[in-house]
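Worksheet for the structure shown next.
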Amino acid sequence: MVTPALLLFAPLAACAAIVGITRRSRPLSAGLAIGGMAVSLLCTVRLFLEFLNGHAHELQYSIPWITLPGLTLEFGFLINEAALLMSGVVTGVGLLIFIYSVGYMAEEEHRSRYFAYLSGFAFSMLGIVLANNLVTLFIFWELVGACSYLLIGYWYQKPSAAAAGKKAFLVNRIADFGFLLGILLLWSYSAGHGEAGTVNLLALQERLAHWAAAGQLDPTILGWIGVLLFCGVVGKSAQFPLHVWLPDAMEGPTPVSALIHAATMVAAGVYLLARIFFIVSAVPSTMELIAAIGGFTAIFAASLALVEPDIKRILAFSTLSQLGYMVMAMGLGAPVAAMFHLTTHAFFKALLFLGAGSVIHAVHGNDIWKMGGLLKKMPLTGWTFAVGTLALCGIFPFSGFFSKDEILLAAMEHNRFLWVIGTITAGMTAFYMGRLFFVAFLRPAASDSAQHAHESPAVMTGPLVVLALLSAAAGFFGIPAFLQGAHHAEHHGINWGVAGLSTAVAFAGLGLAGLIYLKGWRPAAGLLKKLESPGRWLSRKFFVDEIYGWINWNLQQGLARFLALFERWVIIGFMVNGTAKLTQLAGRAVRRLQTGQLQSYALSILVGLTLILLWGWRP
Amino acid sequence: MMLGPVSWILLAPLIGAALLVCVPSEQVRWVRRIAATATGIPLLLALSLIFRYDPVAAGYQWVDRIPWIPSFGIDYHVGVDGISVVLVLLHAFCAFTGVLVSYRISQRVKEYAIFYLLLIGGGFGVFTSMDLFFFYLFYEMAVIPMFPLIGIWGSKKDRDYATMKLTLYLTAGAVMALIGLLTLYTLSPVKTFDLIALREAFLRQPLPPATQWFLFPFLLFGFGVIAPMWPFHSWSPLGHAAAPSAVSMLHAGVLMKLGSYAILRIALPLMPAGAVDWLPWVAGLACMNILYGGFVAMAQKDAKFVIGYSSSSHMGYVLLGIACLSAIGLNGAVLLMFAHGIMTALAFAAVGHVYDQTHTRILSDWGGLIRQVPFIGVAFAAAALASAGLPGFANFAAELLVFFGAWESYRWAAVAAVFGIVTTAFYMLRAVRTGFYGPLNPKWTGLKDATPFEKIPYLILITVLLVVGCWPQSLLTLIQSGTGPILEIIQQASVGVLP
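Taken in sequence, the protein lines are chains H and C. Residue numbers for the first sequence follow my numbering, beginning at 48 and rising by one. Residue numbers for the second sequence follow my numbering, beginning at 121 and rising by one.
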């Protein structure tokens, strides 16, 4: 109980201490944040050792949070292999990124605020990882969203950063609309057969297994539950059609992009799918939908990365695409492969983002066409970046090779069409990463700032080296075998046919990129002309942002403006002021009777008397 | 006879008002000190009651009773149960922080403080009265001082219209409710205004369902005006906007809760069959509140109007929670009254701080303020995020309960309600973005952030939101002890009505 509680609350304590006490001291704030994260990492390691020694397999602790007649909500932890792995990723990668931030944010005025936000984020993220029930998970899910909002908008004076933070929060809020309804529906569905509703994952798992054995599952409702819960995943993991917030989220500081918008938070959606796998996997059509959305996002986002000039946005599209792989793997019924890829991706994508940060720090710009020649100027950054690139491209023996292979293998077995998509995406991945690496690091320097670039300080390159080692070697750690504890009976081993083909495709992509961007090879003019129009579609991101902007302005703002006018003219103008006017008119009409002239009073007495007499006089 | 703590809570602001009459109006410091003491004492007493209230024994505790007009069955009869002890605490927080925020007022301070304290006394009276006559008396006492408070100290632009509209509208609603109350009195077998006695009498000998069906709307819509129930809400955003900040804080924080409190306290237990008939309609109207208010708030440019329409939207959740007629829904509704009251007080205080210096509330005129006034900016952002249902703040826990309750009782309404928090996030984040983020408008480089003293009310309110948000059960146990008996009456009635 103490270890997981400490694991969760150490970063929160750091956050509170920074806000409350060390706000004015930048080094102390950074130290507190790093210390909190280190405590969490140590706790994770301790739990991990307990699991390895076989002392524990599944730990659950909880305390009541809300107890009312008809509703019991608890606050609690559920620790299993997947949770530990995720916790290790969050605390391990997190710690490295915290350390890196000390160098990256050295010139920032309000660094304490930054470290407070980061610690708050770590707390919220660990909450998602550890939560034993969907309401607790939802709580941290929202908190993570809020931290992301604050960190994207860290440079709030910049209108684009302020807008990007808001956009991320709102897109996620729309997704959470479905997620919350899914939780409610699941809660009421679980209340059948004389038992109270629950949102506890273990209890749900037991109940569903029970009902499945008795043949009492309702696939329609269960399908709805799965789709609604998946809405949350689509938002947080930025799957199509709610992917639009993630590229804009690159407005935040680069270490934030590395930690939150690449390695951990956006992977929370995939992790959620692993947690609720027993719910979504109960209905095959839900699984097909999940796999299709994941596969489509993978290739869709990879295509956008082909033409993007901004180094961070290339990596952002790449993140989208890789998350698509993971979601697809979940949909294909391969949660171990998905979690494996999540882990390796966290290492190499954090590495790539931090490398990009190091580059941006040196050349003061994001445009890869203004870089060049950086491998010589920044050898540590350059070589670690190369490792990350190879891992992302899935080249043997780097970690990405093993995890991507597992996913493609699952696709090959269950859905050939998605396997083709996945393999093509692997080629596209290699192409855009090759383009990025060759243009930024190998071509001659294209600007003054690239000419005079210097290697970043050790506090930044140190984490790069550690992450590079992890990215290179994580394939050999036996992560799938560790996870098998949670999900039994999944295929294991390398299929050399699938792996060989994807490797060949990756080499082809890298080669083509080298040919074009290093050797200066140009395709024939006719082909180039034909590529122009699809290129425009790609660089405008298929106009999805424009379409959403139109919907936002015309439908949502239109309705708002219409109702505001309705309020003004109908409710206030007609109903309320109308009533007031009517009362005034009535008053004015009746006022005529009170003229103060004796003659008119006498006249009305006369008329009234006559009328009464006439009425009373009935012969 | 010894008076108990509840009476002192009620009397402290009234004594304060009486003392102020004797203080020369130049003695501004003494006026402020007396006002702070007269609201600080109730706050301390209310806090001690929260800790000392016994939820196992439940029922009214610390009851004081003094016969007043025995022939009509009118007594001074006050006490608190699980619901009112929580709302008294809400009122005490809003009142005390409101006084601290009002330290900025410099014009006719003495008169302002007197009206303000009368208003506060009225609020405490409504939440503690166990006698319908006094309930109504205090209800009017809480409404009438709004007229001078907005009319004299309000923002010049729209205060005349706003104050007339607010007072007339609320009085009209109150009169409609009065008709219902007097009819109940004449129909009751016991001829008393005592709420407990009436409740027991109607429990033994319920009114015929047809009578209840006819009479229930008088209380529902009469009190619903102040709730504010759609489409009778239009007095409220304008009223908030025109009022000085501390009055907006009390007005949106506490006064709007009087309506739903009265429905919960009087209409439901006395006419349970009427409630069962009418509340599905209330659920519909509540959804109109939520969605309509949310969308109208999106189109507002004035910060106070955004919060005003947001309040009317979020009071829809309270009405929806009541309409559920289930333990989850009712408890959620009362907890939300508390949470929303604190949050909205925080928001109005922050807006008021900026308005007093910029003299504009148009969000796009502000721009980038968080750089200049970081503390106020953070306070406003906290209120915005709390309102948008960010976990950790009390509003989330309360709204979550309303969702769960509505999901059981009216599933379609739950969908609308959950969508409501999407709209809230839209307008609240837009307000933060337009007013506080972005480049600083060069006009406001002279703006002053809160001084350490001025920070106190904000810190109090934020702390309360966080404590209740992380540990909602602290209040829910109390609330449950109050809503439980009401729910029992409803259940008995629905068993009786439905064959």
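Beta carbons: idealized from backbone N, C-alpha and C, even for Gly. Treat the numbers as computed from the prediction; the structure is a model and nothing was measured.
Subject >> C-beta neighbour in chain H for ALA138/C, strict 7 Å >> reply: no
Original post:
Interface residues of chain H around PRO511/C at Cβ under 8 Å?
Top reply: PHE185, ILE186, PHE187, GLU189 and LEU190
Original post:
Is TRP202/H helix, strand or coil when you go by DSSP?
Top reply: coil
**OP:** Could you please tell me which residues of the region 242-257 of chain H, in chain order, have their CB closer than 8 Å to any CB of chain C?
**Re:** none
Original post:
What residues of chain C sit near GLY117/H, judged by a beta carbon separation below 7 Å?
Top reply: Chain C residues near GLY117/H: SER446, ALA447 and ILE448.
Subject >> Whether ALA393/H touches VAL92/H by CB criterion (7 Å) >> reply: no
**OP:** With DSSP as the reference, please indicate the residues paired to SER109/H in a beta bridge.
**Re:** GLY123/H
Original post:
Nearest-angstrom Cα distance between SER518/H and SER332/H?
Top reply: 35 Å
Subject >> DSSP beta-bridge partners of SER249/C >> reply: Looking at the DSSP assignment, SER249/C forms a beta bridge with VAL198/C.
Original post:
MET435/C: buried (16+ other C-beta within 10 angstroms of its C-beta) or exposed?
Top reply: buried
Original post:
Would you call the region 489-499 of chain C and the region 240-248 of chain C in contact, with 3 or more CB pairs under 8 Å?
Top reply: The region 489-499 of chain C makes no contact with the region 240-248 of chain C, as fewer than three CB pairs between them are under 8 Å.
Original post:
Who are the Cβ neighbours of ALA453/C in its own chain at under 6 Å, not counting the five residues just before and after it?
Top reply: VAL438, GLY441 and ILE442
**OP:** Report the rounded CA-to-CA distance for GLN204/H versus GLY555/C, giving the unit in angstroms.
**Re:** 12 Å
Original post:
What are the boundary residues of the alpha helix (DSSP H) that includes ARG583/H?
Top reply: 572-586
Subject >> Contained beta strand (DSSP E) runs [length at least 3] in the region 250-313 of chain C, N- to C-terminal order >> reply: none
Subject >> SER304/H: contacting residues in chain C (beta-carbon distance under 7 Å) >> reply: In chain order: nothing, as chain C lies at least about 19 Å away.
Original post:
What is the DSSP secondary structure of THR114/H, counted as helix, strand or coil?
Top reply: strand
**OP:** Could you please tell me which residues of the region 450-471 of chain C, in chain order, have their CB closer than 8 Å to any CB of chain H?
**Re:** ASN451
**OP:** Between the Cα of HIS390/H and those of SER72/H, SER134/H and TYR108/H, spot the shortest distance and give me the residue it belongs to.
**Re:** Residue identity differs from the one stated: residue 390/H is Thr in this sequence, not His. Comparing Cα positions, the closest option is SER134/H.
Subject >> Chain-ordered neighbours of LEU549/C on chain H, where CB pairs are closer than 7 Å >> reply: LYS213, PHE216 and LEU217
Original post:
Roughly how many angstroms lie between the CA atoms of LEU401/H and LEU511/H, to the nearest whole one?
Top reply: 7 Å
Original post:
In whole angstroms, what separates the C-alpha of GLU537/H from that of GLU128/H?
Top reply: Here the model assigns GLU537/H a pLDDT of 49, short of 50, so the residue's position is not dependable, and the following value carries that caveat. Distance between the alpha carbons of GLU537/H and GLU128/H is about 15 Å.
Subject >> Three-state secondary structure assigned by DSSP to TRP182/C >> reply: Residue state, collapsed to three classes: strand.
**OP:** Give a yes or no on whether the minimum CB-CB distance between PHE307/H and chain C is below 7 Å.
**Re:** Sequence inspection shows Ile at residue 307/H; the Phe mentioned does not correspond to that position. False, the Cβ-Cβ gap to chain C never drops below 7 Å.
Original post:
From VAL545/H to MET459/H, what distance separates their C-alpha atoms?
Top reply: 8 Å
**OP:** Rank TRP112/H, VAL49/H, LEU232/H and VAL137/H by C-alpha distance to the C-alpha of ALA526/C and give the top, closest one.
**Re:** Among TRP112/H, VAL49/H, LEU232/H and VAL137/H, the Cα nearest to that of ALA526/C is on LEU232/H.
Original post:
At a CB-CB cut-off below 8 Å, which residues of chain H make contact with GLU528/C?
Top reply: GLY117 and SER235
**OP:** Could you tell me whether any Cβ in chain H is nearer than 7 Å to the Cβ of SER354/C?
**Re:** yes
Original post:
How about THR283/C and GLY300/C: are their beta carbons less than 7 Å apart?
Top reply: no
**OP:** Using a Cβ cut-off of 7 Å (strictly closer), state whether VAL176/H contacts chain C.
**Re:** For VAL176/H, not one C-beta of chain C is nearer than 7 Å to its own C-beta.
Original post:
Can you give the Cα-Cα distance for THR550/H and ILE221/H, rounded to whole angstroms?
Top reply: 39 Å
**OP:** Kindly indicate which residue of VAL206/C, LEU405/C, MET349/C and ALA393/C has the alpha-carbon position closest to the one of GLY379/C.
**Re:** Considering only VAL206/C, LEU405/C, MET349/C and ALA393/C, the residue with the shortest C-alpha distance to GLY379/C is MET349/C.
**OP:** Classify ASP174/C as buried or exposed, calling it buried when 16 or more other Cβ atoms lie within 10 Å of its own Cβ.
**Re:** exposed
Original post:
What's the call for MET48/H, buried or exposed, on a 16-neighbour Cβ count within 10 Å?
Top reply: exposed
Original post:
Which residue from ALA212/C, ALA317/C and ILE582/C puts its Cα closest to that of ASP251/C?
Top reply: ALA317/C
**OP:** Determine the chain C residues that contact THR114/H at a beta-carbon separation under 7 Å, and present them in chain order.
**Re:** Within 7 Å Cβ-Cβ: GLN593.
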